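Letter 195 of the sequence shown, counting from 1, is numbered 240 in the numbering used here, and no numbers are missing.
Glycine included, each C-beta is placed from N, C-alpha and C at the ideal position.
Predicted model, so just to flag it, every value in this text is computed and none were measured.
Data first, discussion second: the structure below is written as C-alpha cells.
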Amino acid sequence: MQQHYYTYKEKFDLEFGESLEGFTLSYYTYGQLNQDKSNVIWVCHALTGNADVFDWWNGLFGEDAIFNPKDHFIICVNVLGSCYGSTGPTSINPKTNEPFYGSFPNISIRDIVNSLNILRDHLGIKSINTLIGGSLGGQQALEWAVMHPKMMENLIICATNSKHSAWGIAFNEAQRMSIEADPTWGDKSNDAGVNGLKAARAIAMLSYRNYSTYEETQSEKDVNKVDNYRASTYQQYQGDKLTKRFNAYSYWTLSKTMDSHHLGRNRKSLEEALQSIQAYTQVIGITSDVLFPVSEQRFITQHIPNVTYEEITSLYGHDGFLVETYKIAAAIRAFFKQKNKKRVVL
Ligand SMILES: CC(=O)SCCNC(=O)CCNC(=O)[C@H](O)C(C)(C)COP(=O)(O)OP(=O)(O)OC[C@H]1O[C@@H](n2cnc3c(N)ncnc32)[C@H](O)[C@@H]1OP(=O)(O)O
Ligand SMILES: N[C@@H](CCO)C(=O)O
Numbered sequence: 046m047q048q049h050y051y052t053y054k055e056k057f058d059l060e061f062g063e064s065l066e067g068f069t070l071s072y073y074t075y076g077q078l079n080q081d082k083s084n085v086i087w088v089c090h091a092l093t094g095n096a097d098v099f100d101w102w103n104g105l106f107g108e109d110a111i112f113n114p115k116d117h118f119i120i121c122v123n124v125l126g127s128c129y130g131s132t133g134p135t136s137i138n139p140k141t142n143e144p145f146y147g148s149f150p151n152i153s154i155r156d157i158v159n160s161l162n163i164l165r166d167h168l169g170i171k172s173i174n175t176l177i178g179g180s181l182g183g184q185q186a187l188e189w190a191v192m193h194p195k196m197m198e199n200l201i202i203c204a205t206n207s208k209h210s211a212w213g214i215a216f217n218e219a220q221r222m223s224i225e226a227d228p229t230w231g232d233k234s235n236d237a238g239v240n241g242l243k244a245a246r247a248i249a250m251l252s253y254r255n256y257s258t259y260e261e262t263q264s265e266k267d268v269n270k271v272d273n274y275r276a277s278t279y280q281q282y283q284g285d286k287l288t289k290r291f292n293a294y295s296y297w298t299l300s301k302t303m304d305s306h307h308l309g310r311n312r313k314s315l316e317e318a319l320q321s322i323q324a325y326t327q328v329i330g331i332t333s334d335v336l337f338p339v340s341e342q343r344f345i346t347q348h349i350p351n352v353t354y355e356e357i358t359s360l361y362g363h364d365g366f367l368v369e370t371y372k373i374a375a376a377i378r379a380f381f382k383q384k385n386k387k388r389v390v391l
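Structural data, given as C-alpha cells:
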C-alpha cells in the first residue's frame, strides 16, 4: 500500500458557482498498473470513509480477496470536503491563509467526480476496469458513469440511489441541526461543533441500522434496569467514536453534498441519465436498509441498459454494505461470471 498526494494548481470551478484555487487529493494505491493499464479497480468511499480501502472494506479488498494487489491496481481517493488529507474545511484557504472552516464552498457529487477524473488523467489511466462504491461512494460512481460513460468497463454500486431522497435529506438536516445547536459551531477551530457532531452520529446510527439491529445487539438483559441502558451507552459510544476521527465542518459539508445528489439535474431526466450508462453494471441492495431502501436500487436497475441486480440480507441495515463483505464478494464473483448474460428485468 502506498499513500500519495496530488495537487491540482489551477482554478477549479464548482457546480454551484463557487470555485477553489486548486485542490489536493490524498489517495492510496495497492498493487501495480499492468502494461496496458487495464487492471484498474477504482473505489469511491462513503460519508466518513477514507482512502485506506483495505482497512474499511477488508474482505472485499485484501491480499487474498476478490480485489487484490496481485491482480489489480486498486486506487481509493479521499474525497474533496473530507478530513483525511484532501482539501476540505480544515484546509488552508489560499485566499486568506487561514482554514476555510464555515467558508468552505458547497460542493456537489459532480465536483467530486471532476476532481477524481482530473487525478485519473494525471495518472495516465485511460480506462477503469471496475468502478465500485457504496452509499455516497455509489452516488459518485453512478455520476461518473453518467458523466463519462466510456470510462469504465464495469460498475458496481451498493446501497445507493440515483437522487437523494426526502427521507435521506431529512435525516441529514436533523444531523446538521444538532451540529448547528452546538454553541461552538462556527468557531474558527478544528473542534467546533464537536458535541453537535456526537449527537449527529447518534441520529445517523438510527438510519444506518434498524429496529432489528438494535433489538438483536442492544436490548437490555437486566429487567430491573431503569437507566443507563445498553442502547443508550451504545449511542453515546458511537457518537464519541466518530468525534475522535472526523471533523464537524467536513461532516456538515459532505451531508450537503449527499443531499444535492441528483443524476437528473440539468439533464433531460433521471431515467435518461441512467439509460446513458454504458458500463456493465451490478446493483446491490441490502434488504434491511432503511436509509437507501431497495426500492431505490430497483429503480436504478430498471433504467441501466446492461445490468444485474442482487439483494443481500443483513442484520446491519444500510451499514450492511460495509459489514457483509463476504456476501458482497460472492455476489460480485457471480456478476463477473454471468457478465455476458442478459439483463435482469424486475
Ligand atoms: C481512521 C479510521 O478509523 S477509519 C474507519 C473507517 N471507517 C469508515 O470507513 C466508515 C465506515 N465504517 C463504519 O461506519 C463502521 O466502522 C462499521 C459500520 C463498518 C462497523 O461499525 P462498528 O461501530 O464497528 O460496529 P458495531 O455497531 O458493532 O459497534 C461496535 C463498537 O461499539 C461498542 N459497543 C457495542 N455495544 C455497546 C454498548 N452497549 N455501549 C457502549 N459501547 C458499545 C463495541 O465495544 C465496539 O467498540 P469498538 O468500535 O471500539 O471496537
Ligand atoms: N457508516 C457509513 C454510513 C454512510 O454510508 C459511514 O460512516 O460512512
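Using 7 Å as the cut-off, classify the Cβ of residue i as near or not near the heavy atoms of ligand 2, replying yes or no.
| i | result |
| --- | --- |
| residue 97 | no |
| residue 244 | no |
| residue 284 | no |
| residue 234 | no |
| residue 125 | no |
| residue 105 | no |
| residue 253 | yes |
| residue 359 | no |
| residue 5 | Because the chain in this structure spans residues 46 to 391, residue 5 falls outside the shown range and cannot be described. |
| residue 364 | yes |
Run through DSSP, which three-state label would residue i get?
| i | result |
| --- | --- |
| residue 122 | strand |
| residue 308 | coil |
| residue 348 | helix |
| residue 243 | helix |
| residue 189 | helix |
| residue 98 | helix |
| residue 265 | coil |
| residue 288 | helix |
| residue 361 | coil |
| residue 133 | coil |
| residue 335 | coil |
| residue 167 | helix |
| residue 138 | strand |
| residue 391 | Only weak support exists for where residue 391 lies, its pLDDT of 46 falling under 50; the coordinates are left without a value. |
| residue 60 | coil |
| residue 367 | helix |
| residue 372 | helix |
| residue 75 | strand |
| residue 112 | strand |
| residue 300 | helix |
Sorted by chain position, which residues of the same chain lie with C-beta nearer than 8 Å to residue i's C-beta, five sequence neighbours on each side aside?
| i | result |
| --- | --- |
| residue 369 | 331, 357, 359 and 361 |
| residue 63 | 150 and 151 |
| residue 376 | 327, 329, 355 and 357 |
| residue 79 | 118 |
| residue 295 | 126, 127, 128, 133, 134 and 135 |
| residue 116 | 76 and 84 |
| residue 378 | 111 |
| residue 230 | 224, 237, 238, 241 and 293 |
Cα-Cα, which of the options is closest to residue i?
| i | options | result |
| --- | --- | --- |
| residue 216 | 186, 176, 250 and 240 | 250 |
| residue 158 | 107, 70, 117 and 229 | 70 |
| residue 228 | 237, 221 and 321 | 237 |
| residue 130 | 255, 68 and 164 | 68 |
| residue 57 | 378, 162 and 197 | 162 |
| residue 100 | 144, 46 and 87 | 46 |
| residue 335 | 213, 311 and 247 | 213 |
With a threshold of 7 Å (Cβ to nearest heavy atom), would residue i be considered close to ligand 1?
| i | result |
| --- | --- |
| residue 318 | no |
| residue 212 | no |
| residue 334 | no |
| residue 367 | yes |
| residue 94 | yes |
| residue 263 | yes |
Can you find the residues in the same chain that come closer than 7 Å, C-beta to C-beta, to residue i, ignoring five residues on each side of it along the sequence?
| i | result |
| --- | --- |
| residue 301 | 151 |
| residue 54 | 67 |
| residue 384 | 325 |
| residue 105 | 111, 112, 370, 373 and 374 |
Tell me whether residue i counts as near ligand 3, meaning its Cβ is closer than 7 Å to at least one heavy atom of that ligand.
| i | result |
| --- | --- |
| residue 130 | Of the ligands this structure carries, namely ligand 1 and ligand 2, none is ligand 3. |
Only counting the same chain, and skipping five residues up and downstream in sequence, which positions put a Cβ closer than 6 Å to that of residue i?
| i | result |
| --- | --- |
| residue 372 | 357 |
| residue 223 | 241, 244 and 245 |
| residue 184 | 154, 205 and 306 |
| residue 263 | 275, 276 and 279 |
| residue 316 | 348 |
| residue 365 | 331 and 359 |
Is it right to say residue i is buried, meaning 16 or more other beta carbons lie within 10 angstroms of its own, or is it exposed?
| i | result |
| --- | --- |
| residue 218 | exposed |
| residue 155 | buried |
| residue 261 | exposed |
| residue 137 | exposed |
| residue 50 | exposed |
| residue 141 | exposed |
| residue 382 | exposed |
| residue 66 | exposed |
| residue 169 | exposed |
| residue 397 | Because the chain in this structure spans residues 46 to 391, residue 397 falls outside the shown range and cannot be described. |
| residue 282 | exposed |
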